[in-house]
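First comes the structure, then the notes that go with it.
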Amino acid sequence: MWSDRVGLAALMAAACVHSALAQTAVPDNLAQGSNTTCSAAPAGMPPLYLRGSMNGWTAQDDFEFFWDCNAYYLNVNLQGEHEFKLADAQWSAGRSWSMAVSGAAKEVLLMAPDKPGVPGAKHSFAGAHTLRLTWQGATAQLQVQAPHFVDPRQQPVTDPVALSLHHDSRDLAYRRPFGAVPQNQTVHWALKALPGVQQATLVLDVRRLEGNQEVLDYRNLTRINMQRTSAGAHELFKARYRFKDKAIYGYWFEVLIGGVKYVYQNNAEPIYWTQEKGSGGLGQVSLPIAQDRRVRRFRITVHDPAFKVPAWAQDVVYYYIFPERFRNGNPANDPKVGERKYQNHGIEVHGRWNAQPFKPGTGDGSDAHYNNDFFGGDLQGIIAKLDDIRDLGANAIYMTPVFKAASNHKYDTADYHQIDPSFGTNADFTRLTQEAAKRGIRIIPDASLNHVGADSRYFDRFGNYSTQDQGAFANGRIQADSPYARWFTLDASQAEPDKQFKGWVGVSDLPELDKASPSWRKFAYGDKDSVTRSWLRQGAAGWRMDVAPWVPDDFWREWRQAVKQTRPDAITIAETWFDASKYFLGDTFDSTMNYVLRNALLDFANGSDARKWVANLEHLREAYPPQAFHALMNLLSSHDQARALHVLGGPIGAAPEALQQAKQKLRLATLVQMTLPGSPTVYYGDEVGLSGGDDPYNRMPYPWADQGGQPDLALRSDFKALLQLRQKRAVLRRGVLLAPLLSTPHVVVLARQHGKQVALMAYNNSAQAQTVTMDVPPALRGKSGALWWGSGAVAVQGQRMTLTVPPVGGWVWGTP
Numbered sequence: 004m005w006s007d008r009v010g011l012a013a014l015m016a017a018a019c020v021h022s023a024l025a026q027t028a029v030p031d032n033l034a035q036g037s038n039t040t041c042s043a044a045p046a047g048m049p050p051l052y053l054r055g056s057m058n059g060w061t062a063q064d065d066f067e068f069f070w071d072c073n074a075y076y077l078n079v080n081l082q083g084e085h086e087f088k089l090a091d092a093q094w095s096a097g098r099s100w101s102m103a104v105s106g107a108a109k110e111v112l113l114m115a116p117d118k119p120g121v122p123g124a125k126h127s128f129a130g131a132h133t134l135r136l137t138w139q140g141a142t143a144q145l146q147v148q149a150p151h152f153v154d155p156r157q158q159p160v161t162d163p164v165a166l167s168l169h170h171d172s173r174d175l176a177y178r179r180p181f182g183a184v185p186q187n188q189t190v191h192w193a194l195k196a197l198p199g200v201q202q203a204t205l206v207l208d209v210r211r212l213e214g215n216q217e218v219l220d221y222r223n224l225t226r227i228n229m230q231r232t233s234a235g236a237h238e239l240f241k242a243r244y245r246f247k248d249k250a251i252y253g254y255w256f257e258v259l260i261g262g263v264k265y266v267y268q269n270n271a272e273p274i275y276w277t278q279e280k281g282s283g284g285l286g287q288v289s290l291p292i293a294q295d296r297r298v299r300r301f302r303i304t305v306h307d308p309a310f311k312v313p314a315w316a317q318d319v320v321y322y323y324i325f326p327e328r329f330r331n332g333n334p335a336n337d338p339k340v341g342e343r344k345y346q347n348h349g350i351e352v353h354g355r356w357n358a359q360p361f362k363p364g365t366g367d368g369s370d371a372h373y374n375n376d377f378f379g380g381d382l383q384g385i386i387a388k389l390d391d392i393r394d395l396g397a398n399a400i401y402m403t404p405v406f407k408a409a410s411n412h413k414y415d416t417a418d419y420h421q422i423d424p425s426f427g428t429n430a431d432f433t434r435l436t437q438e439a440a441k442r443g444i445r446i447i448p449d450a451s452l453n454h455v456g457a458d459s460r461y462f463d464r465f466g467n468y469s470t471q472d473q474g475a476f477a478n479g480r481i482q483a484d485s486p487y488a489r490w491f492t493l494d495a496s497q498a499e500p501d502k503q504f505k506g507w508v509g510v511s512d513l514p515e516l517d518k519a520s521p522s523w524r525k526f527a528y529g530d531k532d533s534v535t536r537s538w539l540r541q542g543a544a545g546w547r548m549d550v551a552p553w554v555p556d557d558f559w560r561e562w563r564q565a566v567k568q569t570r571p572d573a574i575t576i577a578e579t580w581f582d583a584s585k586y587f588l589g590d591t592f593d594s595t596m597n598y599v600l601r602n603a604l605l606d607f608a609n610g611s612d613a614r615k616w617v618a619n620l621e622h623l624r625e626a627y628p629p630q631a632f633h634a635l636m637n638l639l640s641s642h643d644q645a646r647a648l649h650v651l652g653g654p655i656g657a658a659p660e661a662l663q664q665a666k667q668k669l670r671l672a673t674l675v676q677m678t679l680p681g682s683p684t685v686y687y688g689d690e691v692g693l694s695g696g697d698d699p700y701n702r703m704p705y706p707w708a709d710q711g712g713q714p715d716l717a718l719r720s721d722f723k724a725l726l727q728l729r730q731k732r733a734v735l736r737r738g739v740l741l742a743p744l745l746s747t748p749h750v751v752v753l754a755r756q757h758g759k760q761v762a763l764m765a766y767n768n769s770a771q772a773q774t775v776t777m778d779v780p781p782a783l784r785g786k787s788g789a790l791w792w793g794s795g796a797v798a799v800q801g802q803r804m805t806l807t808v809p810p811v812g813g814w815v816w817g818t819p
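Taking this note's numbering, the leading residue of the sequence shown gets 4, the next gets one more, and so forth.
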């Protein structure tokens, strides 16, 4: 993921002499460096962004187009091919454009109005460019030009007093206490500068975040004049505030110097999948920012002081299963062609367990339909392999949905109260939880309370269900008298069936539920026999909730109460990909799938600058309450992203040498995963070298040897050793993560402390061994230790330590 436009430094330096001209000398009706007559920006046009693979499809300020004269402009510095769309922050209809249409030159992309499911445009970049955006009717014309635009938003600061401004959100001298705080906590701030500051103001704002970051804004809470004190050659400006309400807050500083108002804000480090930039820590100064919405705020999470997470969460290692592809334990319940339907189509059944999943349009012999091919995995298969899972070292199983549904992935729920017949029976689910409990393993099921399947008893678009329990859209028509009609948003005024209901993100196969419907809420969690409560009583140890950002917060607040009332020690896990701070206020979720860490770790293992991973890790340590930080589902692979081995250079069919290199990178990433706070999560098959790219190949069957597979048992042995290390050493499960001891482009040294015991962890992503020297941290002074795992060397001489870390590897060193 692209981190910043650092490649534009030379361009902007050369443009500095013209920056004032861009602001003042060029008449409002002339373009930069031309005699072209200018016009105002299109009326009513909201801010537009470049959104794509370069920024996790988020609407980031650094990718916002700027209107100048007669076109929108954006400077970028990108390498390689990227897929992207043009859109506003809300993906509004009429304000987004997608796949490029034919008829344009190589460096001119003609982009059509966006529609659900349509891919983005693709272009191969090679460094710094200026993008120029105009329209031809409804078609957007995006020109990829040589860098030339002087963006007035990027003017450099030259005033020495302004450049001396200093605030570090992780330094207790500048903000205390550290990190997330409970309600009614007073927070203290300080800002340092050379003499010459006329006035410093702390600006506190309250964040509003809705949906998948489509709505993100701040409203001002208060402005506090900071009090000046002397600090040697510098001055300190101090302020404090007591937060009464739980929320996510932002803060920044407005500083008056020589009659000019400067902004001291968060840095520009990106957080994976997250629209807001800024990793916390040391901030940056800038000239006045025209719109407050563009300020990069430092952020503070203020949570309920009673927020508790199940104590067992930080001791857990999850084994993450896609049931249809894990193990066929009962061939008698396998889906059969001619007996089972997929909506109003047939199904496909693989005759060989280790075959590749089908993907329409690839020439693999499959039909034209997605998600209708089956291998026969089931609950009995999981039960049969519980001893293997426990032997590996996992003590919880998270499995994707197992309720009745037409597809192989089961997110198109057909009946929330029935296990899918191809997976077994409700009794099999109870037996799974009981057999797992005998082995000290918890079972965490998955569900979407945001949408159901079009082929479900509740919607029944294809007429596959009983007329006695009529679906809301049975046989493709609105059934106003259906008991489920109030669960959906139906519109009889539309002539086209697909427009008579709301499909989630425009997908007609997944009718979206009206989460405000009282009837739906009772069914989902309110009633004694609701979906949420009934499966907890049947043995589930908690819930992982699909597409959590699309469900309103008040829904989750009530849902959490139902979960905790039914099973107080149950865990609640949100599927979010971005910074999930808003869910850790103590009233919705305990944990989330940690995609931020996933991407950061895989990039690190692939050789990227280690400091980028550390910046993301430190952001999470600062933003999340400790109880949530220690319960995060830390994953490397998932059924929604390419497997880790694939990302690390070991795709299916890779050459042996490349595959071995990729596996060593996977070992490194797993070492980091197993030694950080949180709940490490092993996606089924990763431990034996299963690879696979994007869906459906990330859902390959587990390569069981008795089914002709070739599991890498040496790799499994390494996974097992790391899981055993974590289980043996409480400091690696419950220890507090200290501030990073060392962070270089290739080497990271971290430490965790639990009581008197300290663990030191060193990681190296380069192809050569690295030797580094650092101060002995206070927690280790006067203590001796030994290597617990890995190879390398630790030498202590006085107050200095010299560490040797092996290539693409690391070690764990600890005290008695």
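Just so you know, even glycine gets a beta-carbon here, dropped at the ideal spot from N, CA and C.
Every value quoted in this text rests on a predicted model; they were computed, and no experiment measured them.
- In the three-state DSSP reduction, V508 falls in the helix class (H, G or I).
- For T142, DSSP records a beta bridge to Q139.
- With a beta-carbon spacing of about 6 Å, G652 and A661 fall inside the 8 Å limit used to define contacts.
- Collapsing the DSSP output to three states places D494 in coil.
- D220 counts as exposed, since fewer than 16 other C-beta atoms from the protein chains shown sit within 10 angstroms of its C-beta.
- For the stretch 276 to 338, the full-length beta strand (DSSP E) segments reaching 3 residues or more read 287 to 289, 301 to 306 and 321 to 324 along the chain.
- Rounded to the nearest angstrom, the Cβ distance from M229 to K241 is 6 Å, consistent with a contact under 8 Å.
- Setting aside the 5 residues that flank it on each side, S794 is surrounded in the same chain by P809 and W814, each with a C-beta closer than 7 Å to its C-beta; the list follows chain order.
- The alpha-carbon separation between Q568 and D721 amounts to approximately 40 Å.
- Cβ contact annotation for V305 (same chain, cutoff 8 Å, sequence separation greater than five): A183, V184, P185, Q186, Q188, F246, D248, K249, A250, I251, Y252 and L588, in chain order.
- Here the C-alpha atom of A658 lies approximately 21 Å from the C-alpha atom of R702.
- When the alpha-carbon of A631 is set against those of Q800, P163, K311 and M804, the nearest one is in K311.
- Under the three-state reduction of DSSP, K195 is assigned to strand.
- Partner residues in the beta bridge of W255, as assigned by DSSP, are V206.
- The C-beta distance from A417 to R464 rounds to 11 Å, too long to meet the 8 Å contact threshold.
- When Cβ pairs closer than 8 Å are counted between the two stretches, the stretch 440 to 449 is seen not to touch the stretch 480 to 492, the count staying below three.
- A check of alpha carbon separations from F128 across E110, M102 and G83 identifies G83 as the nearest.
- In the three-state reduction of the DSSP assignment, A665 falls in the helix class, which pools H, G and I.
- In the DSSP annotation of this structure, the continuous segment of the alpha helix (DSSP H) that includes N619 starts and ends at A613 to A626.
- Non-local C-beta neighbours of G610 in its own chain, meaning closer than 6 Å and more than five positions away in sequence, comprise N768, ordered along the chain.
- When DSSP states are grouped into helix, strand and coil, P116 belongs to the strand group.
- Under the criterion of beta carbons closer than 8 Å, L382 and F426 qualify as touching, at roughly 5 Å.
- By the CB criterion at 8 Å, L639 and R601 fall inside the cutoff.
- Taking a cut-off of 8 Å for Cβ pairs, the stretch 101 to 118 and the stretch 84 to 91 touch, as three or more such pairs fall below it.
- Taking 8 Å as the cut-off, the Cβ atoms of G281 and R173 do not count as close.
- Nearest C-alpha to A544 among V510, F432, D390 and I481: F432.
- A distance of 8 Å or more separates the beta carbons of V734 and L744.
- Under a 10 Å Cβ-count criterion, L259 is classified as exposed, with fewer than 16 other Cβ atoms of the shown protein chains found around its own Cβ.
- Only buried fits N331, as 16 or more other CB atoms lie within 10 angstroms of its CB.
- For K195, the CB contacts under 6 Å within the same chain, skipping 5 residues up- and downstream, are H169, H237 and L239 in chain order.
- Around the beta carbon of L716, a 10 Å sphere encloses fewer than 16 other beta carbons of the protein chains shown; the residue is thus reported as exposed.
- Ranking N58, D65, D64 and D71 by CA distance to the CA of A44 puts D71 first.
- For K441, there is no enclosing beta strand (DSSP E); the residue is part of the alpha helix (DSSP H) that begins and ends at N429 to K441.
- Counting along the chain, V599 sits inside no beta strand (DSSP E); it lies in the alpha helix (DSSP H) bounded by residues Y598 to A608.
- Runs of beta strand (DSSP E) with 3 or more residues, each lying fully within the stretch 374 to 428, are found at 399 to 402, 406 to 408 and 416 to 422, listed in chain order.
- With distances taken between CA atoms, T818 lies nearest to Q756 out of G140, Q756 and N73.
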